[in-house]
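Asker: Here it is: the structure, laid out below.
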Amino acid sequence: MNASKFRRSVVCWLVLSPVVVAAIFPFAVMLITALKPNTEVLTPTWWPSRTAWENFQTMWVATNFGNALRNSLYVSVLATLGSLIVSIPAAYALTRFDFRGREFYRQFLLVTQMLSPIVLVVGLFRLMVALGLIDSINAVTVVYAAFNIAFSVWMLQSYFATIPLDLEEAAWMEGAGRTKTLVKVFLPLAVPAMVVTAIFTFINAWNEFVIALTLLRSQDSYTLPIQIFSLVSGRYTVEWHHVMAATFAATIPVAIAFAWLQRYLVRGLALGAVK
Amino acid sequence: MTAKRVVAPYVLILPSFVLAALIVIWPVNELAQIASHSVNRFGQLRDFVGMANFRALLDDPNFIASLWRTGIWTLGVVGGAIICSVPVALVLNEDFYGRDLARVIVMLPWAVSLTMTAIVWRWALSGESGMLNSALIEFGIIDSNIQWLAEASTAFPMQILIGILVTIPFTVTIILGGLSSIPDDLYEAAALEGAGRWEQFRHITLPLIAPFLNIALVLNTIYVFNSFPIIWAMTQGGPANSTDILVTYLYKVGFRLGKLGEASAVSLVMFGILLIFTLIYVRLTTARGARA
């Protein structure tokens, strides 16, 4: 171990400590409250007298967690697939073709990115009323897919641009057609980019709030954020140990996936932002 | 071959264009319709009323207050996030023990949905049984419980702080992208010339990451301006509308009070403001492209 690097590490961690503490604090609150026995939740002590693992079991039933989990998975998986299916060809076109309207299309995507769902929510609401799709999780799925297109195209394109053209040119020389080259050469190389983009789209859909809050009206169709929000909003008594257990269970899988993948996001966004 | 090459890109972008346009352009058109008509709470249009919905907004003191508060909110969160993110990114760019772990921890708030974050903080800030109060008392920083969310003077600053915390990861990400593009030999040359760390930062690092800071600034402004869940899930704009910003005001007017016409007018005002931000962003990025 080298002494100067050790000293530097201590200084670095000290500088980071406020942010580190603030980032970990909510997780600590979640986990500790989720493991407090029912009777101790409202006493302002930090540590529970025993770890009440059964909270997770009772929460599952009391909060109708399974149903919301199923809805969230359904919406997020289908929205991710839908968004990828339309974004991959678009990103390919932006990377490998020079065509009139290319800049227009990029700016159109930018505008859709700027207009967050909340600004459009009244219009979307009226659109869905007109189509008779209020309370339909399929409608929510389509809206999520559409709002993720700009992000997906941006991420995919910044990776596609790093795939060298030489390989495809070599395949054309050998007499392979454009489509065959695309399927056999380009797409296999692009798989990692697609996986990363898919996971981030999934997380976006998994965490979305305002669209679901507005369009989903019955408990049966609630996704996780809305289900958990309904446990705390407008209630006289809130079962905080259940709420925190539910929040923890809904957050941890996504947080782990994110922690594992965040370096790809750093790369993809950095490439995309300066292009 | 050439005819096919001309058509191919349009065929490839068409599905994404249609889907995005359906979800964006149609609602914008709806908004314009609703904003210029009188409308019942189920969204059925009555008579054309021109600008009456906009005028009703200007007469509503809550709208004006929300507009101002949106300015403070956006400025506070974006400014705070940039100020905190520059040192964090500089540190994360150093080589030190546990850097990978530190990166993961700093990025964590990004992974959690804003709704969940806000709900957890609402609980942590609760006056009687909140864990923030018990932690602060234990460390002797305060000696009696603070009712954080009971009035705007403590609730709103707390919401801004939480906003900063969840904005740091994205901002750090963009700045790290900028830092990684600076070649090491620039610093070596500067060190040979006798430049100290602060001078190196001012004359090398800062100018070279400036374009990235600009991009982070504009994108964050847009995201924060639009950010709904933190305030909605913590206070729903309360107590007595004292923490409302435009988005929560919009939601209340539209879906609590059922005044869809006025809510659409708010949306269009926001749309206008966002368009200005977008133009600034396009200017910034194309200016960079021209120089590169």
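Order-wise, the sequence lines are chains A and B. Each residue of the first sequence is one higher than the last, beginning at 451 in the working numbering. Each residue of the second sequence is one higher than the last, beginning at -18 in the working numbering. Built from N, CA and C at the ideal position, the CB exists for glycine as well. Note that the coordinates shown come from a computational prediction; the quantities given were computed from them, not determined experimentally.
Chain A beta carbons: is any one of them nearer than 8 Å to that of Asn207 of chain B?
Answerer: One-based indexing of the second sequence puts residue 207 of chain B at position 226. Chain A, which has a Cβ nearer than 8 Å to the Cβ of Asn207 of chain B, makes this yes.
Asker: Under three-state DSSP, which class holds Ser19 of chain B?
Answerer: In the second sequence, the residue the question calls residue 19 of chain B occupies position 38. In this structure, Ser19 of chain B counts as strand in the three-state DSSP scheme.
Asker: DSSP beta-bridge partners for Phe236 of chain B?
Answerer: To locate residue 236 of chain B, count along the second sequence from 1; it is residue 255. In the DSSP output, where bridge partners are listed per residue, Phe236 of chain B has none listed.
Asker: Report the partner residues of Leu26 of chain B according to the DSSP bridge assignment.
Answerer: What you label residue 26 of chain B is simply residue 45 of the second sequence in a count that begins at 1. Leu26 of chain B pairs with B:Val20.
Asker: Whole angstroms is fine: what's the gap from Leu519 of chain A's alpha carbon to Thr673 of chain A's?
Answerer: For this step, residue 519 of chain A is matched to residue 69 along the first sequence. For this step, residue 673 of chain A is matched to residue 223 along the first sequence. About 7 Å.
Asker: Does any C-beta atom of chain A lie closer than 8 Å to the C-beta of Val58 of chain B?
Answerer: Here residue 58 of chain B is taken as the residue at index 77 of the second sequence, counted from 1. Closer than 8 Å: no.
Asker: Assign Pro68 of chain B to buried or exposed, taking buried as 16 or more other Cβ atoms, counted over all protein chains shown, within 10 Å of its Cβ.
Answerer: In the second sequence, residue 68 of chain B corresponds to position 87, counting from 1. Per the 10 Å Cβ criterion, exposed.
Asker: Over what stretch of residues does the alpha helix (DSSP H) that includes Asn222 of chain B continue unbroken?
Answerer: Residue numbering aside, residue 222 of chain B sits at position 241 when the second sequence is read from its first letter. Taken as a continuous stretch (DSSP letters only), Asn222 of chain B belongs to no alpha helix (DSSP H), as it is neither H nor E.
Asker: Following the continuous alpha helix (DSSP H) through Arg552 of chain A, name the residue where it begins and the one where it ends.
Answerer: Walking along the first sequence from the start, residue 552 of chain A turns up at place 102. Where Arg552 of chain A is concerned, the enclosing alpha helix (DSSP H) stretches over 552 to 564.
Asker: When the Cα of Gly253 of chain B is compared with those of B:Val9, B:Val(-8), B:Leu3, which residue comes out closest?
Answerer: In the second sequence, counting from the first residue as 1, residue 253 of chain B sits at position 272. Comparing Cα positions, the closest option is B:Val9.
Asker: Which value, in whole angstroms, describes the spacing of the CA atoms of Glu658 of chain A and Pro567 of chain A?
Answerer: Here residue 658 of chain A refers to the residue found at position 208 of the first sequence. Here residue 567 of chain A refers to the residue found at position 117 of the first sequence. Looking at the two C-alpha atoms, the distance is approximately 10 Å.
Asker: Specify the secondary structure class of Tyr204 of chain B as computed by DSSP and reduced to three states.
Answerer: Start at 1 with the first residue of the second sequence, and residue 204 of chain B comes out as number 223. Tyr204 of chain B falls in the helix class under three-state DSSP.
Asker: Since I believe His691 of chain A is in contact with Asn517 of chain A (beta carbons under 8 Å), could you give me their beta-carbon distance rounded to a whole number of angstroms?
Answerer: For the purposes of this step, residue 517 of chain A is taken as the residue at position 67 of the first sequence. For the purposes of this step, residue 691 of chain A is taken as the residue at position 241 of the first sequence. Contact flag wrong, Cβ pair sits at about 20 Å.
Asker: Have a look at B:Gly239, B:Thr96, B:Ala99 and flag the residue whose alpha-carbon is nearest the alpha-carbon of Asn21 of chain B.
Answerer: By 1-based counting over the second sequence, the position of residue 21 of chain B is 40. For the residues B:Gly239, B:Thr96, B:Ala99, the minimum Cα distance to Asn21 of chain B belongs to B:Gly239.
Asker: Using three-state DSSP, classify Ala271 of chain B as helix, strand or coil.
Answerer: In the second sequence, the residue the question calls residue 271 of chain B occupies position 290. Summary for Ala271 of chain B: the model assigns pLDDT 47, below 50, so the residue's position carries little reliability; its value from the coordinates is reported in the next sentence. The answer is helix: DSSP assigns Ala271 of chain B an H, G or I state.
Asker: With distances taken Cα to Cα, identify the nearest neighbour of Leu227 of chain B among B:Asp41, B:Glu11, B:Gln25.
Answerer: As a first step, residue 227 of chain B must be located in the second sequence, where it is residue number 246. It is B:Asp41 whose Cα lies nearest to the Cα of Leu227 of chain B.
Asker: Smallest Cα separation from Leu464 of chain A: which of B:Arg80, B:Ile4, B:Ala16?
Answerer: Mapped onto the first sequence, residue 464 of chain A falls at position 14. Among B:Arg80, B:Ile4, B:Ala16, the Cα nearest to that of Leu464 of chain A is on B:Arg80.
Asker: Nearest CA to the CA of Ile163 of chain B: which residue from B:Asn74, B:Phe29, B:Glu119?
Answerer: Working through the second sequence from its first residue, we reach residue 163 of chain B at position 182. That would be B:Asn74, whose Cα lies nearest to the Cα of Ile163 of chain B.
Asker: Run the CB neighbour count on Glu180 of chain B, radius 10 Å, all protein chains shown included, and call it buried at 16 or more, exposed below.
Answerer: Residue mapping note: residue 180 of chain B aligns to position 199 of the second sequence, counting from 1. With fewer than 16 other Cβ atoms within 10 Å, it is exposed.
Asker: Tell me which same chain residues have a C-beta within less than 6 Å of the C-beta of Asn126 of chain B, skipping the five on either side of it?
Answerer: Looking up residue 126 of chain B in the second sequence gives position 145. Answer for Asn126 of chain B: Gly108, Asn114, listed in chain order.
Asker: According to the neighbour-count rule (16 or more other Cβ atoms, all chains shown, within 10 Å of its Cβ), is Ala193 of chain B buried or exposed?
Answerer: The sequence position of residue 193 of chain B within the second sequence is 212, counting from 1. Here residue 193 of chain B is Phe; the residue named in the question, Ala, does not match the sequence. Classification for Phe193 of chain B: buried.
Asker: Contact check, Ile764 of chain A vs Met644 of chain A under 8 Å by CB: the rounded distance?
Answerer: Because chain A in this structure spans residues 451 to 725, residue 764 of chain A falls outside the shown range and cannot be described.
Asker: On the DSSP letters alone, give me the boundaries of the alpha helix (DSSP H) that Gln140 of chain B sits inside.
Answerer: Translated into positions along the second sequence, residue 140 of chain B becomes position 159. Note, Gln140 of chain B: alpha helix (DSSP H), 133 to 160.
Asker: Quick check on this structure: which residue in A:Tyr609, A:Trp496, A:Leu534 has the alpha carbon closest to the alpha carbon of Ile118 of chain B?
Answerer: Mapped onto the second sequence, residue 118 of chain B falls at position 137. Of the listed residues, the one whose Cα sits closest to Ile118 of chain B is A:Trp496.
Asker: Alpha helix (DSSP H) containing Val469 of chain A: first to last residue?
Answerer: Numbered from 1 along the first sequence, position 19 holds the residue referred to as residue 469 of chain A. That run of the alpha helix (DSSP H) goes 453 to 484.
Asker: Pull up the distance between the alpha-carbon of Ala99 of chain B and that of Leu0 of chain B, whole angstroms please.
Answerer: Here residue 99 of chain B refers to the residue found at position 118 of the second sequence. Here residue 0 of chain B refers to the residue found at position 19 of the second sequence. Roughly 31 Å between the two C-alpha positions.
Asker: With 16 as the cutoff for other CB atoms within 10 Å, does Pro210 of chain B come out buried or exposed?
Answerer: Within the second sequence, numbered from 1, the residue matching residue 210 of chain B stands at position 229. By the 10 Å Cβ count, Pro210 of chain B comes out buried.
Asker: Note down, in chain order, all residues in the stretch 508 to 539 of chain A with a beta-carbon under 7 Å from any beta-carbon belonging to chain B.
Answerer: Those would be Val536, Ser537, Pro539, in chain order.
Asker: Just checking: is the beta-carbon of Asn114 of chain B within a distance shorter than 8 Å of some beta-carbon in chain A?
Answerer: Position 133 of the second sequence, counted from the first residue, corresponds to residue 114 of chain B. Closer than 8 Å to some Cβ of chain A, the Cβ of Asn114 of chain B qualifies, so yes.
Asker: Please report whether the beta-carbon of Thr148 of chain B lies at a distance below 8 Å from any beta-carbon of chain A.
Answerer: Your numbering for residue 148 of chain B matches position 167 in the second sequence. For Thr148 of chain B, the answer is no, since every Cβ of chain A falls outside 8 Å of its Cβ.
Asker: With 7 Å as the C-beta to C-beta threshold (strictly closer), list the residues of the stretch 697 to 717 of chain A near chain B in chain order.
Answerer: The residues in question are Thr697, Ala700, Thr701, Val704, Ala705, Phe708, Ala709, Gln712, Leu715, Val716.
Asker: Excluding the 5 residues flanking Phe137 of chain B on each side, which residues of the same chain have their C-beta closer than 7 Å to its C-beta?
Answerer: One-based indexing of the second sequence puts residue 137 of chain B at position 156. For Phe137 of chain B, where only same-chain residues beyond five positions count, the Cβ hits under 7 Å are Thr224.
Asker: Go ahead and pull the three-state DSSP assignment for Ala626 of chain A.
Answerer: Translated into the one-based positions of the first sequence, residue 626 of chain A becomes position 176. Note: Ala626 of chain A maps to coil in three-state DSSP.
Asker: For the putative contact between Leu577 of chain A and Trp7 of chain B, defined by C-beta atoms under 8 Å, what is the C-beta separation to the nearest angstrom?
Answerer: Taking the first residue of the first sequence as position 1, residue 577 of chain A is located at position 127. Taking the first residue of the second sequence as position 1, residue 7 of chain B is located at position 26. That pair is a contact at about 6 Å.
Asker: Using 8 Å as the Cβ pair cut-off and three pairs as the minimum, do the stretch 690 to 706 of chain A and the stretch 467 to 480 of chain A touch?
Answerer: Verdict: yes, contact present.
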